[in-house]
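Engineer:
Following this line, the structure appears as structure tokens:
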């Protein structure tokens, strides 16, 4: 462990030292008259690239010391720093101030062959990424072959005579052996081909791993493949540049620098898993914009050419027209290309989005309800375990589409949770198969397309839940009211009335005790007892008005009492069944209120009170032959009745035509 | 006679005791709950138990349930139930078997009537509160035979149902016993009941009829 750390420290110091001194020597050389095209282009690209490689490699070695991947990156950085050093040394010692530095010739030789190390590092990286081991033991010969090819290429390049790249294009390779130029040529070609083959072997290793891999490793490999995918692209670009411009030049430098930056960056993302999941989106966007660029460039070129022919060569109008056309075509073309890329490279996303879009359109036309969004997502994301939970901010809970609370924290581990949001607002939670997390781009785009439906569904569920809560609270209040009436009735009977009876009895005993005494006292006591008796009767009437105790025996008994006390003859039709207490109470008060109304206002000679059971409903019908004309006016007894029936989830119907009589019918739900 | 009183209000319990003792009865036990009542009945074997309907612990109808249980276990013990309000649960059923009375509490203020009813019940007769009887006598529909009774006949029927004898009814209504007998015969005829000279059996028939009708 300590040795590793020491080794890493030495390596980092060496890289920084080599890179820094190489850079300084290069700048001195340029200042002292080194002649080369764009002298600062290569350092400007190479220095940041090397720094990134060093940083990622260093952190990787520190965090995962057993993983060789970090060392591969440090190797790459080391190769680049070494090249910077030897070319700077050679520039000073061979070109600008010949003879001023010792072993300048050796630096020139190393400068010629140093790039082989870069290839070697990249190939090694491809072979061992991401776990630091070869894909299997069978890959050992391949690894050995790559090492031998590197060695062979390095040797032949060193010994091959000739001039180098700028600025060494006028200097002969001092280690070159002219006699061997003939026999070395096939060897050179062969070893360079082997070097390229090594890269192909690295790519094959990645492909083989990718096919076996699942989960995170698959995403890690995707990242490297994404960055590595630019290698052939850069090569093609270089060939094109050679064909058109007659040399690799700037294209080669830019491309190679890009690879030098892109690969360590991809490795860093893959190893540290930061932003690991965005790879699909990145690939998708890259494909879209690359295609778009090619198409727009081609269109621009073709249009410029055509318009040039029409308007005369070099016309400003030709360029302006082509630019305008390309600008106009950009947006529609982009969405076309996007869809084409989705369709070609991501069929799931393409079809998922189509399913969601179709669903939203159906919701808009009223052919589907937004709450079906869960089923649509299940289909769009191909996850039968998927479930959408809606967030109710007021009660701070998640509920399912039927409004049932679901505890999100206690959800089983087997499902992943993805928040559903619109801007900053929380809409809900998606429970789904964790495998979907690897398809982050699919998940993101499908969810973003269905946000509207989720939001509408959430609002509708919330309203339904709140309505049910209000409904429940209303009937709770009503039930509490019944219970209160019952309590008052009991208090009247067992409290005040009981006391009055005791008082009357004690007066009576007193009266009987004054045997033969003053007749006037006896008369007074007798009268007092009568008065107490009347008070008791009044109290009993009062208690009955609050709530008839007979309701305890059943609705039929209470209604029979009610009918008996009515000044208008009442024809009764009862069920003989017991109902839940609150339903009986509601039915009683409906009948009582309606009967009171009839007695007060209807001038009726006959009332029919009917109770019937229809499936899960209790029907209370009060019909009179009075003058009719009863209306539901706010604040009236009938309005109170309607509220009471409503609170039970029932319905009140009033039919009161003038001259015909009045019918009040309450339909109360009573599932029992 | 020997009496057990079950009543949870102390004032009323003491008042009842004095009232009954002043009338020459012997109150052998006074309790304030149903369990105590059953124990006292077992222990003292009284002729009459005066029972409050609502008693601790639930203040529901434990007095009535205790009455049912006493009548089942020991039919020789008569029970007079006192209540604050009319309740026909069990009342009619128990009254039909005799030896049972059901009165509103404030009837005790009519001391002579109350003592009379207590005596009647203890003798195996019945005493139903006029309120209860009125409830039972309310016609339930047009086809109800009760609807065919004249108002005088209904009055007589009410007193019969309360458990009174022809002589008692005559005294109450300031009629001769013969007139009462005529009314009774007419009532029984309209209700389709057999006539009988035995006051008690006649009352039972009336009650049975009313009960059948009330359900």
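Chains as they are written, first to last, in the working numbering: chain A, 1 to 672; chain B, 1001 to 1215. Here a beta-carbon is modelled for each residue, glycine too, at the ideal position from N, C-alpha and C.
1. DSSP on residue 427/A, reduced to helix/strand/coil?
2. Pull up the DSSP beta-bridge partners for residue 271/A, would you.
3. Can you grab the Cα-Cα spacing for the pair residue 1018/B / residue 625/A, in whole Å?
4. Do you know whose CA, among 309/A, 371/A, 334/A, 645/A, lies nearest residue 471/A's CA?
5. Which residues does DSSP list as the beta-bridge partners of residue 419/A?
6. Compare the C-alpha of residue 563/A against each of 420/A, 250/A, 500/A, 588/A and name the closest.
7. Closer than 6 Å by C-beta to residue 649/A: which residues in its own chain qualify, once you throw out the five before and the five after it? Chain order, please.
8. Tell me, please, which residues DSSP counts as bridged to residue 607/A.
9. On a Cα-Cα basis, can you pick out the residue from 1126/B, 1185/B, 1001/B, 1123/B that is closest to residue 1149/B?
10. Which residues in the same chain have their Cβ closer than 6 Å to the Cβ of residue 88/A, if we skip the five residues on either side of it in sequence?
11. Is there a Cβ of chain A sitting closer than 8 Å to that of residue 1142/B, yes or no?
12. DSSP three-state call for residue 613/A: helix, strand or coil?
13. Exposed or buried, what is residue 222/A when buried is set at 16 or more other beta-carbons lying within 10 Å of its beta-carbon?
14. Based on DSSP bridge pairs, tell me the residues matched to residue 656/A.
15. Going by beta-carbon coordinates alone, are residue 304/A and residue 319/A separated by less than 8 Å?
16. Since residue 498/A meets chain B, which of its residues come closer than 8 Å, beta carbon to beta carbon?
17. Name the chain B residues whose beta carbon is nearer than 7 Å to that of residue 493/A?
18. Measuring straight from C-alpha to C-alpha, what distance separates residue 164/A and residue 49/A?
19. Taking 8 Å as the CB-CB limit, is residue 549/A close to chain B?
20. Give the residues from the region 602–631 of chain A that approach chain B closer than 9 Å (Cβ to any Cβ), ordered along the chain.
21. Within a Cβ cutoff of 7 Å, which residues of the same chain sit near residue 1142/B, ignoring the five residues on either side of it in sequence?
22. Per the DSSP calculation, residue 163/A is bridged to which residue(s)?
23. Measuring only the C-alpha atoms, how far is residue 596/A from residue 569/A?
24. Rounded to a whole number of angstroms, what is the C-alpha to C-alpha distance between residue 376/A and residue 359/A?
25. How big is the Cα-Cα spacing for residue 1066/B and residue 647/A?
26. For residue 532/A and chain B, any beta-carbon pair shorter than 8 Å?
27. Under 8 Å between C-beta atoms, does residue 460/A make it to chain B?
28. Going residue by residue through the region 1023–1060 of chain B, where are the continuous alpha helix (DSSP H) segments of at least 4 residues, counting only ones entirely within it?
29. If you run the structure through DSSP and keep just helix, strand and coil, what is residue 403/A?
30. Return the first residue and the last residue of the alpha helix (DSSP H) that residue 129/A is part of.
31. Does DSSP put residue 1083/B in a helix, a strand or coil?
32. Using alpha carbons as the reference points, say which of 506/A, 203/A, 424/A lies closest to residue 1010/B.
33. Quick check: is the beta carbon of residue 1031/B nearer than 8 Å to any beta carbon in chain A?
34. Closest Cβ-Cβ distance between residue 536/A and chain B: below 8 Å?
35. Using CA coordinates, which residue listed in 436/A, 366/A, 195/A is at the minimum distance from residue 116/A?
36. Could you check how far apart the C-beta atoms of residue 392/A and residue 455/A are, in whole angstroms? I think they sit under 8 Å.
Structural biologist: Taking the structure as given:
1. strand
2. According to DSSP, which records beta bridges pairwise, residue 271/A is partnered with nothing at all.
3. 55 Å
4. 645/A
5. 429/A
6. 588/A
7. 669
8. 570/A, 624/A
9. 1185/B
10. 22, 25, 26
11. Residue placement at residue 1142/B is poorly supported in this model, since its pLDDT is 48, which falls under 50; the coordinates still yield a value, given next. Yes, residue 1142/B lies at the interface with chain A (some Cβ there is under 8 Å from its Cβ).
12. In the three-state reduction of the DSSP assignment, residue 613/A falls in the strand class, which pools E and B.
13. buried
14. 662/A
15. yes
16. 1009, 1012, 1084, 1105
17. 1084, 1085
18. 23 Å
19. Yes, residue 549/A lies at the interface with chain B (some Cβ there is under 8 Å from its Cβ).
20. none
21. Residue placement at residue 1142/B is flagged as unreliable, the pLDDT there being 48, under the threshold of 50; the coordinate-derived value follows with that caveat. Cβ within range, chain order: n/a, list empty.
22. Residue 163/A is bridged by DSSP to 172/A.
23. 13 Å
24. 7 Å
25. 39 Å
26. yes
27. no
28. Segments of the alpha helix (DSSP H) lying fully in the region 1023–1060 of chain B: 1034–1044.
29. coil
30. Where residue 129/A is concerned, there is no enclosing alpha helix (DSSP H), given that its DSSP letter is neither H nor E.
31. strand
32. If we check each option's Cα against that of residue 1010/B, 506/A comes out closest.
33. no
34. For residue 536/A, at least one C-beta of chain B is nearer than 8 Å to its own C-beta.
35. 195/A
36. Going by Cβ atoms, the distance from residue 392/A to residue 455/A rounds to 13 Å, so no, they are not a contact pair.
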